[in-house]
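Please read the structure below before turning to the comments.
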Amino acid sequence: MKTIPPVKTAFFRVFFLSVLTVCLSSCRKVNPIEKSLKAQTFAKTEKEETEVFFFISSVNVSTSIISKSQIAQQKSSDVIVQELSKRIEIQQNQFLDEITRLATSKLIVITEIDGTHKRDLYNLIDAKENDFNNVYLYAMKEKLCSQIDLLETISRETNDKKILELVLRFLPEQFKLLRETERIIKQSE
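Residue 22 is where the sequence shown starts when you use the working numbering, and the numbers rise one by one after that.
Below you can see the structure in the form of structure tokens.
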């Protein structure tokens, strides 16, 4: 059996390591154009993150309001509450359609639908008939305030013309529905 002399072994080791180093270093090189495109594609500004948060939160609040209003239309025995819930549902559907259209035009996909409002729905469904109107009205007051806060916050933090037009269109309607909800709460006390 022949043995390989130590000089040849050392030479092969050095040669093998140098080839391996060259291969690895060439694999690590990234095209500078590709690198800058990746940075531009995935870079998000604080303004964009704020807008995405606004869209997701608005959709979550709006779907919660719509669900509760549909339950109120079926379960409430008070005609005034039924009419209010119907107006709220119509307005929220318009708002949801507009938010979805605007998010789509900005290439924002809203997939993070919040499931925490289900607990509120169960509380509303489980409310006794004589307490139902109060539970619904207080829930609407809370959700409408949340939506108003979202609209006011985004109006201060963005200069996007379409979002500001959306705020100008829907914010007065939200305040009107909130005042009417508060008026009905005071009448029922």
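We treat Cβ as the ideally placed atom computed from N, Cα and C, and that holds for glycine.
Problem - Cutoff 7 angstroms; reference V188; Cβ partners in own chain excluding five residues on either side - result: L172, I175, S176
Practice task
Can you give me the Cβ contacts of L199 inside the same chain, cut-off strictly under 8 angstroms, excluding the 5 residues immediately before and after it?
Solution key: K162, L165, C166, I169
Problem - Same chain, Cβ closer than 6 angstroms to L58, five either side skipped, listed in chain order - result: For L58, the predicted structure reports a pLDDT of 49, less than 50, and the residue's modelled location is therefore unreliable. A value from the coordinates is still provided. Excluding positions up to five away in sequence, the list is empty.
Problem - Length-filtered (4 minimum) alpha helix (DSSP H) runs lying within the region 77-152 - result: 100-126, 138-147
Handout entry: Sub-7 angstroms separation of E110 and I87 beta-carbons
Key = yes
Exercise for the section: Locate the alpha helix (DSSP H) running through T179, then write down its first and last residues. Expected result: First-last for T179: undefined, no H or E at that position.
Practice task
Assign T125 to buried or exposed, taking buried as 16 or more other Cβ atoms, counted over all protein chains shown, within 10 Å of its Cβ.
Solution key: exposed
Practice task
Identify, in the order they occur along the chain, each residue of the same chain with its Cβ nearer than 6 angstroms to the Cβ of T66, setting aside the five sequence neighbours on each side.
Solution key: none
Handout entry: Backbone CA spacing between Q94 and R190 [nearest angstrom]
Key = 25 angstroms
Handout entry: Beta-carbon gap between L142 and T202 smaller than 7 angstroms
Key = no
Handout entry: Contact set for A148: own chain, Cβ-Cβ below 6 angstroms, skip 5 residues either direction
Key = V156
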